Structures are given as structure tokens and as C-alpha cells.
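Q: For the sequence shown, the working numbering begins at 7 and goes up steadily by one.
The beta-carbon is built from N, C-alpha and C at its ideal position, and this holds for glycine as well.
Bear in mind the structure is a predicted one, so any value in this text is a computation, not a measurement.
So that we are looking at the same thing, I have put the structure below in C-alpha cells.
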Amino acid sequence: MKKEDNFQLGYISKTHGYKGEVVFLTNPEIQIKYNKLESVLLEINGNLIPFFIDSISVLANNAVLVKFNDIDSEEKAKKLVKCNIFLPLQMLAKSKKPPQQSDIIGYKVIDDNKGEIGVISNILDMPQQLILEIKNGPIEILIPANENIIYKIDKKNKTVFINAPEGLIDIYLGT
Numbered sequence: 007m008k009k010e011d012n013f014q015l016g017y018i019s020k021t022h023g024y025k026g027e028v029v030f031l032t033n034p035e036i037q038i039k040y041n042k043l044e045s046v047l048l049e050i051n052g053n054l055i056p057f058f059i060d061s062i063s064v065l066a067n068n069a070v071l072v073k074f075n076d077i078d079s080e081e082k083a084k085k086l087v088k089c090n091i092f093l094p095l096q097m098l099a100k101s102k103k104p105p106q107q108s109d110i111i112g113y114k115v116i117d118d119n120k121g122e123i124g125v126i127s128n129i130l131d132m133p134q135q136l137i138l139e140i141k142n143g144p145i146e147i148l149i150p151a152n153e154n155i156i157y158k159i160d161k162k163n164k165t166v167f168i169n170a171p172e173g174l175i176d177i178y179l180g181t
């Protein structure tokens with residue numbers, strides 16, 4: 007697993023009880039449906055290692071209680087404290103809150119139907135949702151930044167893949 011294909015969700019802050027449960031603190035800006043997580047990647051000695059989840063529950067805004075498969079004692083759980091937790095970038099695109107400005111400004115945007123449509127120059131924070139401002143030469147294209155449109159973010163190649171609603175890009179390009 008390559009680190010650049012994943013994003014850091016948080017880190018394990020402490021053990022909980024004596025049966026191997028741990029508490030991890032998450033980035034409050036990233037919203038994930040924790041009850042649907044089957045596994046996470048833990049950074050151990052610089053490598054990302056998959057750990058499968060036996061049970062999970064949200065304790066507070068950014069604290070999550072987790073019991074991993076095969077971690078059945080407090081001693082085993084203590085070895086995981088302070089490990090960073092990662093998830094695949096695809097899960098970020100599916101999360102309720104789109105990526106932050108600093109993450110994808112400058113990335114090129116490729117639409118399934120139109121191909122490369124430009125480069126993200128800004129992210130506008132509108133009352134209902136965030137909007138990607140994409141520059142295509144002198145033309146400015148505005149696309150909603152949500153999980154229904156953005157389906158993949160390739161950090162390595164600095165590319166955002168979208169599937170824009172039919173006709174939306176045509177409005178700006180006049181095609």
C-alpha cells in the first residue's frame with residue numbers, strides 16, 4: 007500500500023478496557039460513515055498495514071472506539087497507540103464533506119464525457135455546497151464538489167475525475 011494513494015483519517019490515542027479495544031481520534035473535517043468501515047490501514051514502521059474491524063462505535067465528535075480482529079488484549083492494543091490511521095483516497099471522494107481547498111487546487115479535472123476540462127483554480131464555499139472553480143483558458147467552469155460528481159482523486163498525478171451531469175459543462179464551453 008502506497009501512502010500517496012491514501013489519506014490520514016486520524017491516529018490511535020489510547021487503549022480502552024482490557025479486551026483490546028482502542029480509541030482513535032479523527033480529523034473533524036473528514037466525515038466518514040464509521041459504522042460501514044470494514045478495515046483501516048495503520049502506519050507501522052513506515053508501512054501501511056490493513057487491520058480488519060470487529061466492532062466500531064462513535065464516542066464523540068472525533069473519537070471512535072474500535073475493536074480490531076486478532077487484537078484481543080490490552081497488551082496487543084498498547085502496541086497500536088500513536089499509530090496513524092489511513093483510508094483509501096476513494097473513500098474521501100465518497101465522504102459527505104468534499105476535499106479542502108489546499109488539497110486539490112492546481113489539480114487537472116477530467117470528466118468522463120468531455121475529457122480534460124481544465125485546472126481547479128479555487129473552491130467556492132457557497133451556502134448549499136462547495137463549488138469547484140475550473141479554469142479552461144479564459145473560460146471559468148463551475149462544478150458542484152460533491153460525492154455524486156467527484157468519484158476519484160489521484161494525488162500522485164494531481165488529477166480529479168468527475169462525472170458531471172449531462173449538459174453542465176456544455177453551458178460553459180458553448181458546445
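(1) Using a threshold of 8 Å, state whether the C-beta atoms of I175 and I123 are closer than that.
(2) Whose C-beta lies closer than 8 Å to the C-beta of P150 among residues of the same chain, with five residues either side of it excluded?
(3) Check whether chain C comes within 8 Å of I159, counting only Cβ atoms and requiring the distance to be less than that.
(4) Grab the span of the beta strand (DSSP E) containing D60 for me, first residue to last.
(5) Quick check: what's the CA-CA separation for Q107 versus D131?
(6) Using a Cβ-Cβ cutoff of less than 7 Å, which residues in the same chain neighbour D60 once the five nearest sequence positions on both sides are dropped?
(7) Quick check: what's the CA-CA separation for N33 versus I18?
A: Looking at the atomic coordinates:
(1) yes
(2) Q135, L136, I137 and L138, listed in sequence order.
(3) Protein chain content of the structure displayed is limited to a single chain, and chain C is not contained in it.
(4) N53 to A66 is the extent of the beta strand (DSSP E) around D60.
(5) A caution first: Q107 carries a pLDDT of 49, below 50, which makes its placement in the model unreliable, though a value can still be read off. In this structure, the straight-line span from the alpha carbon of Q107 to that of D131 is close to 10 Å.
(6) K73, F74 and N75
(7) 12 Å
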